[in-house]
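Asker: Quick note, this note's numbering runs 556 ahead of the 1-based positions in the sequence shown. Each residue gets a CB set at the ideal place from its N, CA and C atoms; glycine is no exception.
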Amino acid sequence: MNIGRIGIGLFFIASALVMGLFELEVTPPLWWDEGWTLCVARQWVETGHYGCLLNGQPAPPILAGHFPVVASIAAGFRLFGVGVWQARLVELVYAFGALGLLYGLTSKLYSHAVALGTLGLLLFLPSNWQMHPLIMGRQVLGEMPMLFFFLAGAMCRVLVERHPLWWGGAVACWGIALMTKAQIRPFLTLALVMTSLVALLRGERRIAGLMAAGAAGGWVVLYALDGLRVVILQGHTLPNPPMPGLLQASALVLVPIIRLDALLFTLQFCLPTLCGLGFASWTMWSQWRQPRSFQLADAVRLMLLTFSLSWFGWFFLLSLGGARYAFPMWFVSAPFVMALFYDWSRGYDVRGIAHSLWSGFRAGEMALPQIKSVGAVLLVLLSLWMVVATRYAFRGREDGLALQEVVAYLHRRVPSHAMIETYESELLFLLNSPYHYPPAQLNVDFIPQMWKEERHLTYDALAADPDFLVVGEFGRWAGIYRSVIERGQMRLILQVGRYQVYERVRTLSAVSGALAR
């Protein structure tokens, strides 16, 4: 049995390595949210400036990821050089670490069989290809580093019984998680506080104290690290948080069409996850009613469950919807889904399921064992259907080579002194010519209008007197360059994939004014 488990584990590791390195640089295509972080990391490494450039001058890192994410990417650039695969390799290390931590946690909270099943579910049965941990995990975003530190803290908390020093590791990891992405703060805090209250009600004061102290200690570490960040970046122009309207535009969205999208996404991709959360909730409630002690493992399991449920509540009721916002909940809930399947399938016993169903069919009745067997079969069929749909969606993904072609063209075509205007931040990281982009506040104003046919954004596309214009996905959505194109002030010279490159059409008076300047 141990030899078989080791063999399966090695197969999963090899599969993860192949999946992780597959088309690392182009799948999925580098996109807008990644670009700002990459831009800041490159400038920090090459010029010492923590931020992007604007008109060739230092500008603050307004839309970049939080400091731990930027610092990680900058460290990767120091080691391997500046490039797309170098940055994504750093994120991939976080993804591998998060998968390993989730396996370790699941094996301690349930069993090795459930832990292996959890890895199999995450690697081979993703409900949406954009939520595959090695697709989401390779992108230069805050989600996977956040989950890595969150799960590292949970693992340290499980190991506290071995040595009290693990408590310090848990607090440190949770503090870094809180700093890595602000989105986790209410859910991690609620998970720890709720677990502390339940432990207190069960009479386990030590566990209650550990969880409450973990919540408080995590925030103390957050503020300490933030103070250290200010010291490290002394002299840099840092953004003044928060931008007006950002919270309402991205985290408290009550627009009916977005709520409908979240509902449809849940029905299409999250039903097995909801089944797992329901099973875990029922199991915890059943344990609550029994006169058994509340162990540290129970506390950590409840913490993960509370985290997942609260995150799903936010995703369903208030988020912008979509794969990125559902991913943390889906990832952390995977052990609960496999625990449900393990229970219903009586330890992955295929013959037992078949025998149970046949017995029920012959007897003409459906007892609890037969109902569980039917549930296990339906869960497998639902997962396989989602995998097939995911496979076809993955085949229809956008070609990530378009960005490389556009950048190569700009390097050949654009003089070193020419100004490039664009809203596509993934280009900024790769450009050598001076560039200009809209202010960050425009993005906040744009988010509430993304789902509307008519958008009203105020922006002067020629304010920086650009010589070239690159329009991609975000530029087209926002529509901020439409007027200068329709007026003939920009001429299309290249179209590759989602990108369109324009050259400025200058009148004689405009040329004279430019020469005078």
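Quick check: the Cα distance between residue 939 and residue 666, rounded to an integer number of angstroms?
Answerer: Mapped onto the sequence shown, residue 939 falls at position 383. Mapped onto the sequence shown, residue 666 falls at position 110. Rounded to the nearest angstrom, the two C-alpha atoms are 22 Å apart.
Asker: Hey, quick one: how far does the alpha helix (DSSP H) through residue 1059 stretch, first residue to last?
Answerer: Residue 1059 sits at position 503 when you count from the first residue of the sequence shown. Element bounds for residue 1059: not the alpha helix (DSSP H) but the beta strand (DSSP E), 1055-1060.
Asker: Do you know whose CA, among 1052, 989, 692, 794, lies nearest residue 881's CA?
Answerer: Looking up residue 881 in the sequence shown gives position 325. Ranking the options by Cα distance to residue 881, first place goes to 692.
Asker: Taking the beta strand (DSSP E) that residue 1047 falls in, what are its first and last residues?
Answerer: On the sequence shown, position 491 is the one that residue 1047 refers to. Unbroken beta strand (DSSP E) run through residue 1047: 1046-1052.
Asker: According to DSSP, is residue 666 part of a helix, a strand, or is it coil?
Answerer: Stepping through the sequence shown from its first residue, residue 666 is reached at position 110. Coil, per DSSP.
Asker: Taking DSSP as the reference, what is the three-state secondary structure of residue 1036?
Answerer: The residue given as residue 1036 occupies position 480 in the sequence shown. Three-state DSSP puts residue 1036 in coil, outside helix and strand.
Asker: Does DSSP put residue 498 in a helix, a strand or coil?
Answerer: Residue 498 lies beyond the stretch modelled for the chain, which goes from 557 to 1073, so this question has no answer here.
Asker: Tell me the rounded alpha-carbon separation between residue 1068 and residue 970.
Answerer: Locating residue 1068 in the sequence shown gives position 512, where the first residue counts as 1. Locating residue 970 in the sequence shown gives position 414, where the first residue counts as 1. Residue placement at residue 1068 is poorly supported in this model, since its pLDDT is 47, which falls under 50; the coordinates still yield a value, given next. Their Cα atoms are separated by approximately 21 Å.
Asker: Would residue 973 and residue 610 be called neighbours here (beta carbons separated by less than 9 Å)?
Answerer: Along the sequence shown, one-based indexing puts residue 973 at 417. Along the sequence shown, one-based indexing puts residue 610 at 54. For residue 973 and residue 610, no; Cβs fall outside 9 Å.
Asker: For the beta strand (DSSP E) containing residue 1024, name the first residue and the last one.
Answerer: The residue labelled residue 1024 in the question sits at position 468 within the sequence shown. Residue 1024 -> beta strand (DSSP E) spans 1024-1027.
Asker: Just the C-alpha distance for residue 778 and residue 840, rounded to the nearest angstrom, thanks.
Answerer: Along the sequence shown, one-based indexing puts residue 778 at 222. Along the sequence shown, one-based indexing puts residue 840 at 284. Distance between the alpha carbons of residue 778 and residue 840 is about 31 Å.
Asker: Below 9 Å between beta carbons: does that hold for residue 1062 and residue 1025?
Answerer: Residue 1062 sits at position 506 when you count from the first residue of the sequence shown. Residue 1025 sits at position 469 when you count from the first residue of the sequence shown. No, these two residues do not count as a Cβ contact at 9 Å.
Asker: Would you list the residues sitting across from residue 610 in a DSSP beta bridge?
Answerer: Within the sequence shown, residue 610 is the residue found at index 54, counting from 1. Answer by DSSP bridge pairing, in chain order: 613.
Asker: Hey, residue 679 and residue 661: beta-carbon distance below 9 Å or not?
Answerer: Position 123 of the sequence shown, counted from the start, is the residue given in the question as residue 679. Position 105 of the sequence shown, counted from the start, is the residue given in the question as residue 661. Going by C-beta atoms, residue 679 is not nearer than 9 Å to residue 661.
Asker: Determine the burial state of residue 964: buried for a count of at least 16 other Cβ atoms within 10 Å of its Cβ, exposed for fewer.
Answerer: As a working mapping, residue 964 is identified with position 408 in the sequence shown. With fewer than 16 other Cβ atoms within 10 Å, it is exposed.
Asker: What residue range is occupied by the uninterrupted alpha helix (DSSP H) comprising residue 578?
Answerer: Residue 578 sits at position 22 when you count from the first residue of the sequence shown. Counting along the chain, residue 578 falls outside any alpha helix (DSSP H), and DSSP gives it neither H nor E.
Asker: At what residue ranges does the stretch 718-754 contain a whole run of the alpha helix (DSSP H), taking only runs of 4 or more?
Answerer: If we require 4 residues or more, the alpha helix (DSSP H) runs fully inside the stretch 718-754 come out as 721-736.
Asker: Do residue 744 and residue 730 have their CB atoms nearer than 9 Å?
Answerer: Here residue 744 corresponds to residue number 188 of the sequence shown, with the count starting at 1. Here residue 730 corresponds to residue number 174 of the sequence shown, with the count starting at 1. Yes, these two residues count as a Cβ contact at 9 Å.
Asker: Using 10 angstroms around the beta-carbon of residue 949, count the other beta-carbons present and answer buried if the total reaches 16, otherwise exposed.
Answerer: Working through the sequence shown from its first residue, we reach residue 949 at position 393. Counting Cβ neighbours within 10 Å, residue 949 comes out exposed, since fewer than 16 surround it.
Asker: Can you check whether the CB of residue 1027 is closer than 9 Å to the CB of residue 1041?
Answerer: Within the sequence shown, residue 1041 is the residue found at index 485, counting from 1. Within the sequence shown, residue 1027 is the residue found at index 471, counting from 1. Yes.
Asker: For residue 779, which three-state DSSP category applies?
Answerer: Stepping through the sequence shown from its first residue, residue 779 is reached at position 223. DSSP places residue 779 in helix when its eight states are reduced to three.
Asker: Indicate the three-state DSSP secondary structure (helix, strand or coil) for residue 967 in the structure shown.
Answerer: Stepping through the sequence shown from its first residue, residue 967 is reached at position 411. Helix.
Asker: I'd like to know whether the C-beta atoms of residue 630 and residue 600 end up nearer to each other than 9 Å.
Answerer: Numbered from its first residue, the sequence shown carries residue 630 at position 74. Numbered from its first residue, the sequence shown carries residue 600 at position 44. Taking 9 Å as the Cβ cut-off, residue 630 and residue 600 qualify as a contacting pair.
Asker: What residue from 956, 776, 942 has the CA that sits closest to residue 579's CA?
Answerer: Counting from one through the sequence shown, the residue named residue 579 turns up at place 23. Out of 956, 776, 942, 956 has the C-alpha closest to the C-alpha of residue 579.
Asker: Per DSSP, what are the beta-bridge partners of residue 650 in this structure?
Answerer: Numbered from its first residue, the sequence shown carries residue 650 at position 94. Beta-bridge pairing links residue 650 to no other residue.
Asker: Near residue 664, which residues of its chain fall below 6 Å by C-beta distance, leaving aside the five closest residues on each side in sequence?
Answerer: The count along the sequence shown starts at 1 and reaches residue 664 at position 108. Only 714 meet the Cβ criterion.
Asker: Is the beta carbon of residue 945 less than 9 Å from the beta carbon of residue 871?
Answerer: As a first step, residue 945 must be located in the sequence shown, where it is residue number 389. As a first step, residue 871 must be located in the sequence shown, where it is residue number 315. No.
Asker: Here's the rule I'm using: 16 or more other beta-carbon atoms within 10 Å means buried, otherwise exposed. How should residue 935 be labelled?
Answerer: To locate residue 935, count along the sequence shown from 1; it is residue 379. Buried is the call here.
Asker: Tell me residue 991's beta-bridge partners as DSSP assigns them.
Answerer: Along the sequence shown, read from residue 1 onward, the residue named residue 991 stands at position 435. BP columns for residue 991 point to 976.
Asker: How many Å lie between residue 696 and residue 758 at the Cα?
Answerer: Position 140 of the sequence shown, counted from the first residue, corresponds to residue 696. Position 202 of the sequence shown, counted from the first residue, corresponds to residue 758. Cα to Cα, residue 696 sits roughly 42 Å from residue 758.
Asker: Express the C-alpha separation of residue 701 and residue 576 in angstroms, rounding to a whole number.
Answerer: Here residue 576 refers to the residue found at position 20 of the sequence shown. Here residue 701 refers to the residue found at position 145 of the sequence shown. Approximately 16 Å between the Cα atoms of the pair.
Asker: Below 6 Å CB to CB, which residues in the same chain sit around residue 547 once its five sequence neighbours on both sides are set aside?
Answerer: Here the chain covers residues 557 to 1073 and nothing more, so residue 547 does not appear.
Asker: Please say whether residue 707 and residue 565 have beta carbons closer to each other than 9 Å?
Answerer: As a working note, residue 565 is residue 9 in the sequence shown. As a working note, residue 707 is residue 151 in the sequence shown. Their beta carbons are not under 9 Å apart, which means residue 565 does not touch residue 707 by this criterion.
Asker: Taking all protein chains shown into account, do 16 or more other C-beta atoms lie within 10 angstroms of the C-beta of residue 884, making it buried, or fewer, making it exposed?
Answerer: Reading the sequence shown from its first residue, position 328 is the one you call residue 884. Residue 884 should be labelled buried.
Asker: To the nearest angstrom, how far is the alpha carbon of residue 894 from that of residue 682?
Answerer: Taking the first residue of the sequence shown as position 1, residue 894 is located at position 338. Taking the first residue of the sequence shown as position 1, residue 682 is located at position 126. Spanning the two alpha carbons is a distance of roughly 13 Å.
Asker: Please look up how many angstroms separate the CB atoms of residue 726 and residue 770, rounded, as I've assumed it's under 8 Å.
Answerer: Start at 1 with the first residue of the sequence shown, and residue 726 comes out as number 170. Start at 1 with the first residue of the sequence shown, and residue 770 comes out as number 214. Going by Cβ atoms, the distance from residue 726 to residue 770 rounds to 6 Å, so yes, they are a contact pair.
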